[in-house]
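Engineer: The opening position of the sequence shown corresponds to residue 1 in UniProt numbering, with each subsequent residue numbered one higher.
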Amino acid sequence: MLKTKSQQKDEILNAIETSLQCQICMELLFKPYALSPCGHILCLSCLQEWFRKAPPSAEDMEIDEDINDPEFIIHRQKSCPCCRAVIFDRPVPVFLVKSVTSMLIKAKGPGHTAASPLWRTDGTSLAVSDDVWKGIFPDDAYEEEEEEEYDYDDEVVRWFTAPYDDSDEYESYGSDEDESMGELEDDTDNTPYVPAIWEPPTVYYRARTRHSLEFTHMMRRGCTREMIHTYGMTYTHEEGLVAHVYTLDPDAEVIPYRADDTQNIIRIFLGWNVVLEPRDHGHGFLNQLLIDYREHPERFSTHRLDGTLDIKKLVREDDIQAMSDDNTTDSEYWHDNRIDSDF
């Protein structure tokens, strides 16, 4: 009887131990940190190593710097080692997991260790008060200073490549005059719709050092932080802005994108810029786009690849503006020069 209870206890402890292992080093999570937005939890030392030495992303390749340079490590794009979700903010400690791990170590007895020791490899102490992300993410003091100085939705100031007249009436997504989104008037002139082409960013966004280049690109092209997280937004020079949704029903509840849940995912290619209504964080824009897709499918191109449905928003042919060879680059040089000349 006692032997059976002992075996059951060991089985339970082993199951808990397996659940509390870091997926990189397979040691117990004595210093667990959670990543956002994916939610994966790994040990501190493994995350520090990963953020420093992970293979460079396509966005990192755009930075003409030594990958071992301290500044490059701080500003490079960070990703989750489990699902490769882009990480915008510092990982946070998970004290509940830490407490359970500590109790498990005591229950298992001598001989059981945990990942993320209290001492660095150079022999110096890793005290709780230390900034564990120093040299990997920007300093907290710098971020707090930025937050105080720019405390309104990431200091986004919108300016457009075409001159804007204050006397112009504002046109909402659903207006008859809006020629880019749903509820559009009939095309009496039979203007064809064609694939979108690269165009310069339309928003002045002061980049923050804790953000990746991809995040900065998306903010400068009209996206909001909520839109980026909810729809798993991505941006590349070749494909432009891409949103991920799980349904094409505009009346369905919005399901936030998860990097580890890509079954039945639908990719929507939005072009290279989006224009949102005031106070719209992106949900209204995507909702109206789905309505437009349902009512005017000829204004989109669709194809399926390896089980993934791709939908590309087309634009009116007469809205396409010719770009010179010098302007067909996604270089930040263009954006910075525009800022210098306009502000």
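Backbone N, C-alpha and C fix where the C-beta goes; we use that ideal spot for every residue, glycine too.
Could you tell me the distance, in whole angstroms, from the CA atom of Arg-225 to the CA atom of Asp-89?
Structural biologist: If I take the Cα positions, the gap works out to 12 Å.
Engineer: Quick check on the burial criterion: 16 or more other C-beta atoms within 10 angstroms. Buried or exposed for Arg-76?
Structural biologist: buried
Engineer: I believe Leu-241 touches Gly-284 by the beta-carbon criterion, under 8 Å. Please report the beta-carbon distance rounded to the nearest angstrom.
Structural biologist: Wrong, their Cβ atoms sit about 16 Å apart, outside the cutoff.
Engineer: Counting along the chain, where does the alpha helix (DSSP H) carrying Leu-276 start and finish?
Structural biologist: Here Leu-276 belongs to no alpha helix (DSSP H), and DSSP marks it neither H nor E.
Engineer: Which residues mark the beginning and the end of the beta strand (DSSP E) in which Tyr-257 is found?
Structural biologist: Unbroken run through Tyr-257: none, as it is neither H nor E.
Engineer: In whole angstroms, give me the CA-to-CA distance for Gly-232 and Lys-9.
Structural biologist: 42 Å
Engineer: Pick helix, strand or coil for Pro-32, following the three-state DSSP scheme.
Structural biologist: In this structure, DSSP gives Pro-32 an extended state, which the three-state scheme calls strand.
Engineer: Assess contact between the segment 253-273 and the segment 82-101, defined as three or more Cβ pairs (one per stretch) separated by less than 8 Å. Is contact present?
Structural biologist: yes
Engineer: On the criterion of 16 or more Cβ atoms from any shown chain inside 10 Å, does Phe-95 qualify as buried, or is it exposed?
Structural biologist: exposed
Engineer: Would you kindly report the start and end of the unbroken alpha helix (DSSP H) that includes Tyr-293?
Structural biologist: Note, Tyr-293: alpha helix (DSSP H), 283-295.
Engineer: For Trp-119, name the three-state secondary structure that DSSP assigns.
Structural biologist: With a pLDDT of only 46 at Trp-119, under the threshold of 50, the placement of this residue in the model should not be trusted; the figure read from the coordinates follows. Trp-119: strand per DSSP, three-state reduction.
Engineer: For Arg-304, does the count of other Cβ atoms within 10 angstroms reach 16, so buried, or fall short, so exposed?
Structural biologist: exposed
Engineer: Let's see if you can read the secondary structure: which residues bound the beta strand (DSSP E) around Ser-45?
Structural biologist: Taken as a continuous stretch (DSSP letters only), Ser-45 belongs to no beta strand (DSSP E), being part of the alpha helix (DSSP H) at 44-53.
Engineer: My output table needs one value for Thr-191: the three-state DSSP class, helix, strand or coil.
Structural biologist: coil
Engineer: Does the distance between the C-beta of Cys-25 and the nearest non-hydrogen atom of the ligand GDP fall short of 7 Å?
Structural biologist: Looking at this structure, you won't find the ligand GDP or any other ligand, since it has none at all.
Engineer: For Asp-310, which residues does DSSP report across the bridge?
Structural biologist: Arg-267, His-303
Engineer: On the DSSP letters alone, give me the boundaries of the alpha helix (DSSP H) that Thr-224 sits inside.
Structural biologist: Note, Thr-224: premise wrong, no alpha helix (DSSP H); not H, not E.
Engineer: Report all residues from its chain with a CB closer than 8 Å to the CB of Arg-294; omit the five preceding and five following residues, and keep chain order.
Structural biologist: Leu-248, Pro-250
Engineer: Would you call the CB atoms of Thr-239 and Phe-269 closer than 8 Å?
Structural biologist: The residue asked about is misnamed: residue 239 is Glu in this sequence, not Thr. Result yes, Cβ atoms of Glu-239 and Phe-269 sit closer than 8 Å.
Engineer: Whole-angstrom Cβ separation of Glu-17 and Leu-28, contact assumed at under 8 Å?
Structural biologist: Contact between Glu-17 and Leu-28 holds, with the beta-carbon distance rounding to 7 Å and staying under 8 Å.
Engineer: Can you give the Cα-Cα distance for Gln-23 and Trp-50, rounded to whole angstroms?
Structural biologist: 12 Å
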